[in-house]
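*Asks:*
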Amino acid sequence: PKGVSIRHRSLSNLLGAMARRLYIKASDTLMAVTTLAFDIAALEIFLPLISGARLLLASDEIIRDSYQLIAHLDAFGVDIMQATPATWRLLFNAGWSGQSGLKILCGGEALDLELAKRLMNCGEEVWNVYGPTETTIWSGALALSAEQLAPGAVPMGHPLDNTQFYVLDQQQQPVPVGVA
């Protein structure tokens, strides 16, 4: 991981935006599966705490064993879990077929169409979260729907609160809305 200096208010902004988008309740449990060396761990730790929800810290042993991770998801009634596409694939490879009511956050790597479609059948919501560390973990998030995936691509989502997206051309000039 790279060292990136961020402001407390930037992290507070991200946490508030995600808490509102996910409608986190005090009865929810978020299972943290990211090593503390990565920026996403800040979201996993502080998001449930600022929302009055429960935080379940998965040990390194559990994180490394897909079967134990699945058992933890089931045993503790996890409501929210953020993981990379690679981790979600590992769960599928271990026979995981989803969990009713689970809010799935997928970030840290590009979410491909095949995995997005597969995840859509595995929980209550699937979120594509995007952003480089320099923008304080994520700068965009989108709850996916089948209609959004129909054109054959996974949309990046909308900017989080107090954040803007700019698409630039090869000369680093903004392109019009809707232009790739």
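Just so you know, we're using this note's numbering here: the sequence shown kicks off at 581 and counts up by one.
Just so it is clear, CB atoms sit at the ideal spot from N, CA and C, and this is done for glycine as well.
Check whether the Cβ atoms of Ala638 and Leu623 sit closer than 8 Å, and answer yes or no.
*Replies:* no
*Asks:* Which whole-angstrom value describes the C-beta separation of Met598 and Ala721, a residue pair presumed to lie in contact below a C-beta threshold of 8 Å?
*Replies:* Right, the Cβ-Cβ distance comes to about 7 Å (below 8 Å), so this counts as a contact.
*Asks:* Give me the residue from Asn742, Ala666 and Ile684 with the minimum Cα distance to Leu591.
*Replies:* Asn742
*Asks:* Under the rule that 16 or more other beta-carbon atoms within 10 Å means buried, what is Leu636, buried or exposed?
*Replies:* buried
*Asks:* Can you give me the C-alpha to C-alpha distance between Ile660 and Leu682, rounded to a whole angstrom?
*Replies:* 6 Å
*Asks:* Among Pro665, Phe656, Leu627 and Arg698, which residue has its Cα nearest to the Cα of Tyr603?
*Replies:* With distances taken between Cα atoms, Tyr603 lies closest to Leu627.
*Asks:* Identify the continuous alpha helix (DSSP H) that holds Tyr647 and give its terminal residues.
*Replies:* Ser646 to Ala655
*Asks:* Output the distance between the C-alpha atoms of Asp749 and Val757, rounded to the nearest integer angstrom.
*Replies:* 12 Å
*Asks:* Would DSSP call Pro754 helix, strand or coil?
*Replies:* strand
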